[in-house]
Amino acid sequence: MSVKGDVPMPRSGHTLTSYGPYVFLFRGIDFSEEAVYNDIYILDTKAWEWHYVGEKGVEIPARNAHSTCVLRKADNDAVLVIFGGASPEHGPMGDTFYAFLPPVDSIGEVYVPYTASILLFTSNDVIGPLTCLFLVMM
Numbered sequence: 408m409s410v411k412g413d414v415p416m417p418r419s420g421h422t423l424t425s426y427g428p429y430v431f432l433f434r435g436i437d438f439s440e441e442a443v444y445n446d447i448y449i450l451d452t453k454a455w456e457w458h459y460v461g462e463k464g465v466e467i468p469a470r471n472a473h474s475t476c477v478l479r480k481a482d483n484d485a486v487l488v489i490f491g492g493a494s495p496e497h498g499p500m501g502d503t504f505y506a507f508l509p510p511v512d513s514i515g516e517v518y519v520p521y522t523a524s525i526l527l528f529t530s531n532d533v534i535g536p537l538t539c540l541f542l543v544m545m
C-alpha cells in the first residue's frame, strides 16, 4: 500500500496520536541534518493520504522526545495535549500545551479555519491563555 500526499520528512523522536480515522504526526528530529521539526501533519487513514497542517498564531517551540495524547472531555469535546520534550537549542522542556480539536467529521474539509485555545504552563505557573487559528488539512 502506498501513501500519498504531503509525506513528512524522515524523523525520530516524534509522536503519532490517533483521533478518529486520523493520525497526528507532531514534531521530531533529524539527527543527520541536526534539524528539529516544528510541524504537524495529519494522516487520513481512510485514503492513506498525508496532509500538512498550517498553523497561525501561537508557535509551539520545535521539539523531539515529547508526549502527546487526545483527551475527551465530559461534553465529548476533544483536546490535543502536548508535554515536554527537548531540543538542542532549548534543552529539556517542561511545558504543556493543549488545543481544542474540531469535530472529527469537519477535519476533511479543506481550508476550514478553527479557533483553538492554547494554554501554556511552565513549572506550576500559568503564563496565560493564548489563541491561535488552526487551519486544518491545507
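Positions 408 to 545 (my numbering) are the ones given, in order, by the sequence shown.
All residues carry an ideal CB built from backbone N, CA and C; glycine is no exception.
Remember, predicted model here, so these are calculated numbers, not experimental data.
Between Ala469 and Val443, the gap from beta carbon to beta carbon is short of 8 Å. Residue Pro510 holds the alpha-carbon nearest to the alpha-carbon of Leu487 among Trp457, Pro417, Pro510 and Met416. Closest in alpha carbon position to Leu508, among Lys453, Glu440, Asp502 and Ile449, is Ile449.
Cβ-Cβ distances below 7 Å link Asp437 to Met416, Pro417 and Arg418 in the same chain, with the five nearest sequence neighbours on each side left out; the list follows chain order.
Collapsing the DSSP output to three states places Val460 in coil. Close CB contacts of Ser494 within its chain, under the 6 Å cut and outside five residues either way in sequence, are with Val443, Ala469 and Arg470 (chain order). Taking 8 Å as the upper bound for CB-CB distance, Gly492 and Glu456 are not in contact here, some 27 Å apart. Taking the Cα of Val460 as reference, the smallest distance to any Cα among Cys476, Glu440 and Phe431 is reached at Phe431. Bridge pairing for Pro499: Ala493 [DSSP]. DSSP, reduced to helix, strand and coil, places Val443 within a strand of the structure shown. When secondary structure is reduced to three states using DSSP, Val511 falls in the helix class.
Looking at the DSSP output, Phe433 bridges to Thr422 and Ile447. In the structure shown, the three-state DSSP call for Gly412 is strand. Annotated as proximal: Asp451 and Pro428, with beta-carbon spacing under 8 Å. In this structure, the straight-line span from the alpha carbon of Asp484 to that of Leu478 is close to 8 Å.
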